[in-house]
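In terms of UniProt numbering, the sequence shown opens at residue 1 and continues consecutively.
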Amino acid sequence: MELHLLLLLLLLAAAAQPLAFADAGAAGNATTATYIVFMDPARVPAAGHAAHLQSLAIDPDRHLLYSYSAAAHGFAAALLPHHLPLLRASPGVLQVVPDEVFDTHTTRTPEFLGLLSPAYQPAIHGFEAATHDVVIGVLDTGVWPESPSFAGGDLPPPPARWKGECEAGVDFSPSVCGRKLVGARSFSRGLRAANGGGGGARAGVGRKGFVSARDRDGHGTHTATTAAGAVVANASLLGYATGTARGMAPGARVAAYKVCWPEGCLGSDILAGIDAAVADGVGVLSLSLGGGSAPYFRDTVAVGAFGAAAAGVFVACSAGNSGPSGATVANSAPWVTTVGAGTLDRDFPAYVTLPTGARLAGVSLYAGLSPAPRPAMLPLVYGGGGDNASKLCLSGTLDPAAVRGKIVLCDRGVNARVEKGAVVKAAGGAGMVLANTAASGEELVADSHLLPAVAVGKLAGDKIREYASRRAGAPMAMLSFGGTVLGVRPSPVVAAFSSRGPNTVVPEILKPDMIGPGVNILAGWSGVAGPTGLVKDGRRTHFNIISGTSMSCPHISGVAALLKAAHPEWSPAAIKSALMTTAYTVDNTNSSLRDAAGGLLATPFAFGAGHVDPQKALSPGLLYDISTKDYVSFLCSLNYTTPHIQVITKMSNITCPRKFRPGDLNYPSFSVVFKKKSKHVMRFRREVTNVGPAMSVYNVKVSGPPSVSVKVTPAKLVFNKVGQKQRYYVTFTSTVDASNAKPDFGWISWMSSQHVVRSPIAYTWKI
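Have a look at this one:
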């Protein structure tokens, strides 16, 4: 009797246990890793991704991180090694890829871009109310909602179609959102799982970050307010760049999607942010982040951006800060607008004076005591630790006995510029001269250092290095600061740090697409971070001045919002076309754009189509439009497999055309790659749409090197109505030996009585 009762109790206990999953004890001490699983939308179980995992005996409560549906089809999960073959063999699974870590690419710009000019104001006032319906989604480090740049002012309620929300979180109440900041969400499950913290809806991060949309870093607040910050009078950074701050589209709304944390930005979190933003109803996405170069089906940002673009969302991404080296550009997918960085006509001069009488110009944002003490000569030391590492002022390399009370000369490179200043200050130094090397050339980036500091270019740096190294007596130097200066010439100049082409993923697509202001940009800042971002920096300010393609990207995002408001019928590709074909390539001295790295003329590998011109982009005359079907043909031309194309496009049925090359995409620029086995003749087709006057006649003008012969057929395009489309063909014939040819550049311009529609051409030879 007791035996039968015992058996019955055991059976009942067993029946009460949850379903056993394949991960329960089967993997021993194996640890999970995060993956993104892309699925064929036609074969996703009706019950969803959790049901799919359950069918494979993988516990979704323990492993499922995100489900994607708006920008991609699939899910992210923290998986054990033995889960991978189960998923890859499962029907409907197209691809399983490891999660990837991305990095951020770190208010005079409205005037510099002409947005406040009398000629532009009548045009912008005509659609200012329409910008209220555009929401710019910013994927970054979050947002500081108390920034004055997020004041709602007289804005009407958000558009009725807006579905976003402000999520409650640590030190973040939904009530902090309003009519300017209309959405704020955070995504950290991927990062948490990658750090061994497990997944699930309550996953967070460590003490370094707020487990909410609140911005501890400042980068996200800066990019968001650059794109669409409200008008704020008397804005400055500690007295520098004083004036009225405003975003590119001050009437547009902002939605913040926090996907970047102190430890980095996980691809699974980024894709979740894009997915949510598309579902929420953003019209523009701004991503000042990126990773390495990979085929587009393995690039999380490229996959998510395709889904966004297919939904009508304009996507701008930073090109990266790996210049001036070539072939470094990131975010190179053709459905993404890739933005490099240029300078403004504003500067923050500072000077290094030597006893020889030399007064060498540099820049600085140092804000010291008030009133400032009178500049004085102090001892100068270079290599204050006895080795080459101390010349870089790396942490722990300076000897306090050698640098105390002196100005320390530091070479730029390896560690952060502001960190060098902190190292000098910690060792007892009285000031710092930060000298460029060949890598940065004459590019000057101002920083708000913790001690008196001046950044100088390579030429000035070489003079100071020579003086400090060879002088028999005690070298001396004096630092002085000149505040804010406007009207700097020449400008713009391509920033040395801005990443360059050619495009290593698809050389036939020219990248970057354009440049925008990205050096010494004033915008909103976090309330818990100092201007340097260093832990030791206890200063607090509503605004900060920083540099990077992270700063140029939101300029383009904001301008795109203006174009979207003015022309709601334009596709994302059409908006990009307008921005590219109206960009300019001369500076304010009427000379061709130069490169800060060496002072020589810049090329389309550095600036793409040129520097953005918002005024002209409003009325481009002609547009190069691209449909989703065109992008599919482009992906087919890359010899991607059907599953790979499905990963990107979310389409179940893929039909590839018989003849299509990457260069056949209807892109607003040309990248002509001559290959050894070809006849050195390349022929491409383009189609343009008339958005100018109904009756328009355009004649073609070709400029370029003698190494390539160019023939355009027809040479004249005649339009009789708005919206009419015309095709033309271009034949490029190489006239040089490929083994001796170097990259070269040219232009194709369609010119009417009112418009110039200009496309850059890059020529490369592969031997």
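Note that beta-carbon positions come from the ideal geometry of N, C-alpha and C, so glycine has one too.
Asked, Found
"State yes or no: is the C-beta of Gly-307 within less than 8 Å of the C-beta of Ala-72?", "yes"
"Helix, strand or coil, according to DSSP, for Pro-512 in the structure here?", "coil"
"Can you list, in chain order, the residues of its chain with a C-beta nearer than 6 Å to that of Phe-497? Leave out the 5 residues immediately preceding and following it.", "Asn-321, Gly-323"
"Quick check: the segment 652–662 against the segment 709–716, are there 3 or more CB pairs under 8 Å?", "no"
"In three-state terms, what does DSSP make of Lys-420?", "helix"
"So what does DSSP say about Thr-731, is it helix, strand or coil?", "strand"
"Taking only runs of the beta strand (DSSP E) that begin and end inside the segment 418–495, which ones reach a length of at least 3 residues, in chain order?", "431–435, 453–456, 476–481"
"Rounded to whole angstroms, how far is the Cβ of Ser-175 from the Cβ of Ala-230, which I believe are closer than 8 Å?", "Not quite, the Cβ-Cβ distance comes to about 18 Å (not below 8 Å), so this is no contact."
"Could you check if Val-722 is buried or exposed, using at least 16 other CB atoms within 10 Å of its CB as the buried criterion?", "exposed"
"Rounding to the nearest angstrom, what Cα-Cα distance links Pro-604 and Pro-620 in this structure?", "20 Å"
"Whose C-alpha, out of Tyr-728, Leu-139, Lys-766, is nearest the C-alpha of Ser-739?", "Lys-766"
"For Lys-386 and Thr-397, what's the separation of their Cα atoms in angstroms?", "Per the sequence presented here, residue 386 reads as Gly, with Lys not at that position. Cα to Cα, the separation comes out at about 9 Å."
"Report yes if the CB atom of Thr-581 is closer than 8 Å to the CB atom of Ala-609, and no otherwise.", "yes"
"Relative to the alpha-carbon of Arg-489, which residue among Ala-311, Asp-345, Ser-749 has its alpha-carbon at the smallest distance?", "Asp-345"
"Assign His-644 to one of two classes, buried (16 or more other C-beta atoms within 10 Å of its C-beta) or exposed (fewer than that).", "buried"
"For the putative contact between Ala-213 and Ser-188, defined by C-beta atoms under 8 Å, what is the C-beta separation to the nearest angstrom?", "The pair is not a contact, with the Cβ atoms about 11 Å apart (cut-off 8 Å)."
"If you draw a straight line from the C-alpha of Ala-305 to the C-alpha of Val-278, how long is it?", "10 Å"
"Can you tell me the Cα-Cα spacing of Gly-199 and Ala-129, whole angstroms?", "Confidence at Gly-199 is low in this model, with a pLDDT of 44, below 50, so its placement is unreliable and the value that follows should be read with caution. Each residue's alpha carbon lies about 43 Å from the other."
"Count the other CB atoms within 10 Å of the CB of Ala-89; is the residue buried (16 or more) or exposed (fewer)?", "exposed"
"Give the list of continuous alpha helix (DSSP H) stretches no shorter than 4 residues that lie fully inside the UniProt domain \"Inhibitor I9\" (34–105).", "49–55, 60–63, 83–88"
"Over what stretch of residues does the alpha helix (DSSP H) that includes Asn-653 continue unbroken?", "Run containing Asn-653: none; DSSP gives neither H nor E here."
"The alpha helix (DSSP H) spanning Leu-360 covers which residue range?", "No alpha helix (DSSP H) holds Leu-360; the beta strand (DSSP E) holding it covers 359–363."
"If you drop the 5 nearest sequence neighbours on each side, which residues of the same chain put their C-beta closer than 6 Å to that of Thr-343?", "Ser-491, Pro-492, Val-493, Val-519"
"Find out if the Cβ-Cβ distance for the pair Val-688, Tyr-624 is shorter than 8 Å.", "yes"
"Measure the C-alpha to C-alpha separation of Tyr-729 and Val-329 and round it to an integer number of angstroms.", "28 Å"
"Tell me whether Ser-236 sits in a helix, a strand or coil according to DSSP, three-state version.", "strand"
"Beta-carbon within less than 6 Å of Thr-34's beta-carbon, same chain only, minus the 5 sequence neighbours each way: which residues are those?", "Ala-78, Asp-99, Gly-190, Ala-193, Ala-194, Ser-268"
"Classify Met-248 as buried or exposed, calling it buried when 16 or more other Cβ atoms lie within 10 Å of its own Cβ.", "buried"
"From the DSSP output, which residues share a beta bridge with Gln-726?", "Val-688"
"Given this structure, state the Cα-to-Cα distance separating Lys-675 from Ile-36, to the nearest angstrom.", "36 Å"
"Kindly indicate which three-state DSSP category His-222 falls into: helix, strand or coil?", "helix"
"Over the uninterrupted alpha helix (DSSP H) stretch that includes Tyr-763, give me the two end residues.", "No alpha helix (DSSP H) holds Tyr-763; the beta strand (DSSP E) holding it covers 756–766."
"Using beta-carbon positions only, say whether Lys-420 and Leu-409 come within less than 8 Å of one another.", "no"
"Output the residue ranges of the alpha helix (DSSP H) runs that lie fully inside the segment 556–623 and measure 4 residues or longer, sorted by chain position.", "572–581, 604–607, 614–617"
"Return helix, strand or coil for Asp-399, following the three-state DSSP convention.", "coil"
"Relative to the C-alpha of Gly-428, which candidate in Arg-412, Asn-503, Ala-402, Phe-684 has its C-alpha closest?", "Ala-402"
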